[in-house]
Amino acid sequence: MIDAPAGPSTVVRDAVGLDAARRGFAVDPGQGPAVLALDVLAGRLADPATDALSGLYLWGPVGRGKTWLMDVFLAAVAPLVGPTSTTVRVHFHDFLRRLHGERFHRGSIDAALDAILGGARLVCFDEFHVHDAGDAMLVARAVRALDERGVRVVLTSNYPPSGLMPSPAHHHLFVPTIDLLTARLDVVEIGGDRDHRRSPSEDVRGFRGGAFVWPATDARLAVAGLARPEPAEATTVRIGSREHPVLAVGDAAVWLGFEHWCAGRTAVSDVLHLADRFASVVLDGVPALGTQAPDTGQRFANLVDVLCDRDVPLHVLAHQDPDETLRRHGEEGVALDVERTASRLTLLRRLGPAPVGR
Numbered sequence: 289m290i291d292a293p294a295g296p297s298t299v300v301r302d303a304v305g306l307d308a309a310r311r312g313f314a315v316d317p318g319q320g321p322a323v324l325a326l327d328v329l330a331g332r333l334a335d336p337a338t339d340a341l342s343g344l345y346l347w348g349p350v351g352r353g354k355t356w357l358m359d360v361f362l363a364a365v366a367p368l369v370g371p372t373s374t375t376v377r378v379h380f381h382d383f384l385r386r387l388h389g390e391r392f393h394r395g396s397i398d399a400a401l402d403a404i405l406g407g408a409r410l411v412c413f414d415e416f417h418v419h420d421a422g423d424a425m426l427v428a429r430a431v432r433a434l435d436e437r438g439v440r441v442v443l444t445s446n447y448p449p450s451g452l453m454p455s456p457a458h459h460h461l462f463v464p465t466i467d468l469l470t471a472r473l474d475v476v477e478i479g480g481d482r483d484h485r486r487s488p489s490e491d492v493r494g495f496r497g498g499a500f501v502w503p504a505t506d507a508r509l510a511v512a513g514l515a516r517p518e519p520a521e522a523t524t525v526r527i528g529s530r531e532h533p534v535l536a537v538g539d540a541a542v543w544l545g546f547e548h549w550c551a552g553r554t555a556v557s558d559v560l561h562l563a564d565r566f567a568s569v570v571l572d573g574v575p576a577l578g579t580q581a582p583d584t585g586q587r588f589a590n591l592v593d594v595l596c597d598r599d600v601p602l603h604v605l606a607h608q609d610p611d612e613t614l615r616r617h618g619e620e621g622v623a624l625d626v627e628r629t630a631s632r633l634t635l636l637r638r639l640g641p642a643p644v645g646r
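Numbering-wise (the numbering used here), the sequence shown opens with residue 289 and increments by one.
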C-alpha cells in the first residue's frame, strides 16, 4: 500500500493496493503521486459538477501503469458518480474515429459528443495524443465543448501537455487548447525507471497470446500455432465502401500483408473494424521500419496500439528481430515516438533464432 496522509478519500489508494496484491506485484513509488491525485479527484466526484472542465492529466513514459491506474480508479469511483451511463472510458484512437464520423453525419461537435458520450459526468481517455493537424483542430473544438459542459475527465498520455501536436509547423495552432488543458486539469507525471510491460508474465490471453516471429519459417510458424496460407486463399475484407486485400480469412482470424495495411492507404478506423470482427490478427512481411516512410511506421504503431487496447492477439511475422524492426536508420536505439510500440511488442512471445552459444 502507498504511504500517504489521511484525507477525505482513500478509495483509489485502497483499490490500487488490493488490485496490485491480487496481481502479485507491489505499487511502484513512481505511481504514488498519481494515486494521490486520483484520490483527490474521487473526493470531488461526490460534489456537484463544476461549470468548467476539471480532472486529471496523467502522463509519463510507456509501461508505467497509467492505463491500469485509470481503470482501477474508474471501477472504484463508479458508485460515486451514479448510473453506468454517467461514466465513459474510451481509447483515444476510437474516440477520434467516432468523432470524425459523428460530426460528419450530425453536423456539429456538440451533436457528435452527445452521440458518443451521452450525458456522461466522467470521461476517461486512454492514450491521449495529437499528431495530425486535422485531428488537432477537431480535438480543440471537442475540448472546448467538454469545458462548456463541465465534464470531469481523466487523460493518460505519453506526452506532457506541451508535447502535444509536436510538429513545429502546427504546434502554435494547438497552444490555446494546451493552455486550456493545463488551466483546468491537474497535470501529474508518473515517473520511475521500470517498464512494467517488460516484467515476466504467465498470462497468455488476449493480446499476449500473439507472438513476434522472425524470420517466419514454417517451423517457427508451427510453434506459434500458424500455417502460412496458400496464394489461392487471398481474398478481400469489405470496410465501408472499400474492399481491402487480405492474405487469408479463416477460423475467426485474418492474415494481413504489410504492404497494404501499413505501407498502403489505410486508417485507424480500418484496424478498429478488424478488431471488432476478428478474434486474432496476423501481420506478415514486416521489414525494418527505418527503411520505410514515416507514415508507414505510424500505421504499424497504430495497428499495434489498437489491437493491444482491444486485447486482440497479434502475430507479427518479420524479417528481423523486434529491436531492428523499430530502429531508425543509422541509430542504435528506437526512436522516442515508437517507444510505446516497442513496449507493447514485449508483451508478445518472441519466436526467433536461438542465441549463439545456447
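Ideal Cβ positions, reconstructed from N, Cα and C, are used throughout, including at glycine.
Residue nearest to residue i in terms of C-alpha spacing, selected from the options
{"i": "L614", "options": "G498, L461, P464, T579", "result": "T579"}
{"i": "T470", "options": "L452, H393, A457", "result": "L452"}
{"i": "P367", "options": "A399, S396, A330", "result": "A330"}
{"i": "H607", "options": "G348, T523, H548, L577", "result": "L577"}
{"i": "D611", "options": "R628, S529, T584, I397", "result": "R628"}
{"i": "P601", "options": "F500, L306, D302", "result": "F500"}
{"i": "G312", "options": "G497, V304, L426", "result": "V304"}
{"i": "P349", "options": "A322, P321, E390, N446", "result": "N446"}
{"i": "A630", "options": "F383, F588, T554", "result": "F588"}
{"i": "G513", "options": "G353, L639, P321, F383", "result": "L639"}
{"i": "A540", "options": "R565, T524, V323", "result": "R565"}
{"i": "A522", "options": "R516, G528, P533", "result": "P533"}
{"i": "T355", "options": "H393, V365, H379", "result": "H379"}
{"i": "G528", "options": "P464, A555, W502", "result": "A555"}
{"i": "D474", "options": "P456, P464, P448", "result": "P448"}
{"i": "D402", "options": "Q319, P464, Y345, V439", "result": "V439"}
{"i": "F546", "options": "L509, A399, V569, W347", "result": "V569"}
{"i": "P317", "options": "A400, A515, G479", "result": "G479"}
{"i": "E477", "options": "A510, R508, L443", "result": "L443"}
{"i": "P517", "options": "R526, V511, G538", "result": "G538"}
{"i": "L560", "options": "R385, R310, G320", "result": "R385"}
{"i": "L426", "options": "D359, D609, S396, R409", "result": "S396"}
{"i": "R553", "options": "A581, A567, A536", "result": "A581"}
{"i": "R526", "options": "D558, Y345, G351, V511", "result": "D558"}
{"i": "R437", "options": "R409, L509, P321", "result": "R409"}
{"i": "L633", "options": "G351, D359, Y345", "result": "G351"}
Residue i burial status per 10 Å Cβ neighbour count (16 or more: buried)
{"i": "F413", "result": "buried"}
{"i": "F495", "result": "buried"}
{"i": "A308", "result": "buried"}
{"i": "L306", "result": "exposed"}
{"i": "G498", "result": "buried"}
{"i": "A430", "result": "buried"}
{"i": "R493", "result": "exposed"}
{"i": "S450", "result": "exposed"}
{"i": "H381", "result": "buried"}
{"i": "D572", "result": "buried"}
{"i": "T505", "result": "exposed"}
{"i": "D583", "result": "exposed"}
{"i": "F383", "result": "buried"}
{"i": "E415", "result": "buried"}
{"i": "A515", "result": "exposed"}
{"i": "A457", "result": "exposed"}
{"i": "R310", "result": "exposed"}
{"i": "V365", "result": "buried"}
{"i": "A507", "result": "exposed"}
{"i": "A536", "result": "buried"}
{"i": "V511", "result": "exposed"}
Distance between beta carbons of residue j and residue i, contact taken as under 8 Å
{"i": "A340", "j": "D423", "result": "Wrong, their Cβ atoms sit about 24 Å apart, outside the cutoff."}
{"i": "V376", "j": "L333", "result": "About 14 Å separates the two Cβ atoms, so there is no contact after all."}
{"i": "L591", "j": "W549", "result": "7 Å"}
{"i": "L636", "j": "V604", "result": "7 Å"}
{"i": "T374", "j": "G407", "result": "7 Å"}
{"i": "D467", "j": "A433", "result": "Going by Cβ atoms, the distance from D467 to A433 rounds to 16 Å, so no, they are not a contact pair."}
Close-in-space but distant-in-sequence residues of the same chain around residue i (CB under 6 Å, 5 per side omitted)
{"i": "P575", "result": "H607"}
{"i": "V441", "result": "G343, V411"}
{"i": "L326", "result": "V300, F361"}
{"i": "A421", "result": "H458"}
Other residues of its chain near residue i: CB distance less than 7 Å, five sequence neighbours each side excluded
{"i": "F462", "result": "V418, A424, A428, L452, M453"}
{"i": "A563", "result": "V594, L595, R598, V600"}
{"i": "E531", "result": "T524"}
{"i": "T298", "result": "D327"}
{"i": "A400", "result": "L387, E390, R391, R394"}
{"i": "A520", "result": "none"}
{"i": "W502", "result": "A606, H607, Q608, D609, G640"}
{"i": "L509", "result": "V501, A515, R516"}
{"i": "P321", "result": "V476"}
Cut-off 8 Å between Cβ atoms - residues of its own chain near residue i, not counting five sequence neighbours on either side
{"i": "V626", "result": "L577, G585, A589, L614"}
{"i": "A642", "result": "none"}
{"i": "P464", "result": "A428"}
{"i": "V644", "result": "At V644 the pLDDT is 47, less than 50, meaning the model places this residue with poor confidence; the figure from the coordinates comes in the next sentence. Cβ within range, chain order: n/a, list empty."}
Residue i Cβ short of 7 Å to the ligand GDP heavy atom set
{"i": "E521", "result": "What this structure holds is no ligand at all, so the ligand GDP is not there to describe."}
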